[in-house]
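Engineer: Position 86 of the sequence shown, counted from 1, bears residue number 86 in UniProt numbering, the numbering being contiguous throughout.
C-beta atoms are modelled at their ideal positions from N, C-alpha and C, and glycine is treated no differently.
To start, I am sharing the structure in question, which I have written as structure tokens.
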Amino acid sequence: MTQEVRGVVARTKDAPVEMETILVPDPGPGEAVVRVQACGVCHTDLHYKLGGISDEFPFLLGHEAAGLVEAVGDGVTEVAPGDFVVLNWRAVCGQCRACKRGRPWYCFDTHNAAQPMTLTDGTPLSPALGIGAFCDKTLVAAGQCTKVDPEAPPGVAGLLGCGVMAGIGAAINTGAVGRGDSVAVIGCGGVGAAAVAGARLAGAARIIAVDLDRRKLESAAGLGATHTVDAGEQDPVETVRKLTGGFGADVVIEAVGRPETYRQAFYARDLAGTLVLVGVPTPDMTLELPMLDVFGRGGSLKSSWYGDCLPSRDFPMLIDLYLQGRLDLDAFVSETIPLEGVEDAFTRMHHGDVLRSVVQL
């Protein structure tokens, strides 16, 4: 039976979000209904609201979520009602060329629920990243539900659904940071701060956090950065080189997504080092680099999709590390807010006042 729940909707471009009544259908084949317990307020939600991702309004916002499976449709075997899950936006298909080559974290045919959630007048909603979790309950593909240890608080578990996983994965999976490596992270918002934490987990010997915001640098230091660089006062490239014996870092993670910071990352890298782009650029941005420098410096230039994660592998592992006290997910939660507080949370995010606001339901 279709259920009525509260949800946060962006009706038109750059307009304040509104609380609406959302109709959630019973799960069909391969689908699940999840009662949302917590959902982080991510920059991606703000991009949806501003029309920076698509114009398929109205959007049901929210995607960085954890909750309890309430019901499943036919054919669902991976989760059952009552399971505590973190939602992900890349339910792998198992059949595409990437999956068949044993690289499901690159899956080229990820999927979401087939049925739409709607407004009461029947208007279909576009759920953010195929999730739409700023609501009491949401409908997703069952493959978007990853079962984790229920001892983890929902407010921190849900952060693995996007930004924290993207940053940790950029360091561990894409950048393959190893014991004793030197790592520089340019941009220390939520994703960059998570990359710092990931580099620490991987055993990096020197972790250099670069940002213009002193508050973000302080947060990065708390998560494991051994050095911080205020890019407004110091040249990031020269400072990273000085801190690495004049050579540059083994791995540089660019978590801003701008041409100027990408160039900094490129030149702050040691010869044969690795550059990982995890910051998301806008469609109008272009990059120009001397080809001789690309050739002469060698190494790898990589882009990280969702931290190149495999949710079924990575989410439970990271939750276990949290429960062991080895990964401080609590440090990412700046505040908890009610569902009605999302619009104000966007303002604080825009001003750089928070790493993460988390909606508690």
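Please tell me whether C39 and G158 are closer than 8 angstroms, where the distance is taken between their beta carbons.
Structural biologist: yes
Engineer: Using a Cβ-Cβ cut-off of 7 angstroms (strictly less than) and excluding sequence neighbours within five positions of R214, which residues of its own chain qualify?
Structural biologist: So the qualifying residues of the chain are D230.
Engineer: With DSSP as the reference, please indicate the residues paired to S182 in a beta bridge.
Structural biologist: R206
Engineer: V191 by DSSP, collapsed to three states: which one?
Structural biologist: helix
Engineer: Which residues share a DSSP beta bridge with T138?
Structural biologist: V34
Engineer: Thinking C-beta only, is A249 closer than 8 angstroms to I186?
Structural biologist: no
Engineer: Helix, strand or coil for Q360 per DSSP?
Structural biologist: If DSSP states are grouped into helix, strand and coil, Q360 belongs with the strands.
Engineer: Quick one: grab the DSSP three-state call for R258.
Structural biologist: coil
Engineer: Which whole runs of the beta strand (DSSP E) in the segment 265-328 are 3 residues long or more, in chain order?
Structural biologist: Every unbroken stretch of the beta strand (DSSP E) spanning 3 or more residues and falling wholly within the segment 265-328 is given here in chain order: 269-277 and 300-303.
Engineer: Considering only residues of the segment 66-134, which uninterrupted alpha helix (DSSP H) runs meet the minimum length of 4 residues and lie entirely inside it, listed in chain order?
Structural biologist: 97-100
Engineer: Between the Cα of C96 and the Cα atoms of P236, P16 and Y106, which residue gives the shortest distance?
Structural biologist: Y106
Engineer: Just checking: is the beta-carbon of G187 within a distance shorter than 8 angstroms of some beta-carbon in chain C?
Structural biologist: No chain C appears in this structure, which consists of one protein chain only.
Engineer: Using the Cα positions of F247 and V237, report the straight-line distance between them to the nearest angstrom.
Structural biologist: 10 angstroms
Engineer: Which term fits D308, buried or exposed, when burial requires 16 or more other beta carbons within 10 angstroms of its beta carbon?
Structural biologist: buried
Engineer: Quick check on V237: does DSSP put it in helix, strand or coil?
Structural biologist: The answer is helix: DSSP assigns V237 an H, G or I state.
Engineer: If contacts are defined as beta-carbon pairs under 8 angstroms, then residue 368 and A142 qualify, I think. What distance do you get, rounded to the angstrom?
Structural biologist: Because the chain here runs from 1 to 361, residue 368 falls outside it and cannot be looked at.
Engineer: Using the Cα positions of D211 and C188, report the straight-line distance between them to the nearest angstrom.
Structural biologist: 6 angstroms
Engineer: Please classify L223: does DSSP put it in a helix, a strand, or coil?
Structural biologist: Correct three-state label for L223: coil.
Engineer: Would you mind working out which of S182, D26, D45 and G73 sits nearest M349, comparing C-alpha positions?
Structural biologist: D45
Engineer: For residue 368 and E56, I'd like the C-alpha separation in whole angstroms.
Structural biologist: The shown model of the chain, from 1 to 361, leaves out residue 368, and the question about it has no answer.
Engineer: Between which two residues does the alpha helix (DSSP H) carrying E343 extend?
Structural biologist: Looking at the DSSP string, the run of the alpha helix (DSSP H) that includes E343 is V342 to H350.
Engineer: Hey, how far is the Cα of E18 from the Cα of G67?
Structural biologist: Looking at the two C-alpha atoms, the distance is approximately 22 angstroms.
Engineer: How about E254 and V240: are their beta carbons less than 8 angstroms apart?
Structural biologist: no
Engineer: By Cβ distance, which residues of its chain are closer than 6 angstroms to R179, with the 5 residues on each side in sequence left out?
Structural biologist: G203
Engineer: Can you tell which of T120, V86, D314 and A194 has the C-alpha that lies nearest to the C-alpha of A225?
Structural biologist: A194
Engineer: Checking the sheet assignment: what are the DSSP bridge partners for L60?
Structural biologist: Looking at the DSSP output, L60 shares a beta bridge with V9 and P127.
Engineer: Among I131, K216, I22 and R6, which has the Cα closest to the Cα of E31?
Structural biologist: I131
Engineer: Is the separation between the beta-carbon of V196 and that of A170 shorter than 8 angstroms?
Structural biologist: no
Engineer: Going by alpha carbons, who is nearest to F108 out of R258, K302 and A98?
Structural biologist: A98
Engineer: Look at the Cβ atom of residue 371, then the Cβ atom of G299, and state whether they are nearer than 8 angstroms.
Structural biologist: Absent from the structure is residue 371, since the part of the chain shown begins at 1 and ends at 361.
Engineer: On the criterion of 16 or more Cβ atoms from any shown chain inside 10 Å, does Q144 qualify as buried, or is it exposed?
Structural biologist: buried
Engineer: Secondary structure at L243, three-state DSSP: helix, strand or coil?
Structural biologist: coil
Engineer: In the DSSP assignment, what residue or residues form a beta bridge with D55?
Structural biologist: Under DSSP, D55 forms no beta bridge with any residue.
Engineer: For T120, I'd like the list of residues in its chain whose CB is within less than 7 angstroms of its CB, leaving aside the five on either flank, ordered along the chain.
Structural biologist: T21 and L23
Engineer: If I measure Cβ to Cβ from N112 and keep anything under 6 angstroms in the same chain, skipping five residues before and after, which residues do I get?
Structural biologist: G130 and A141
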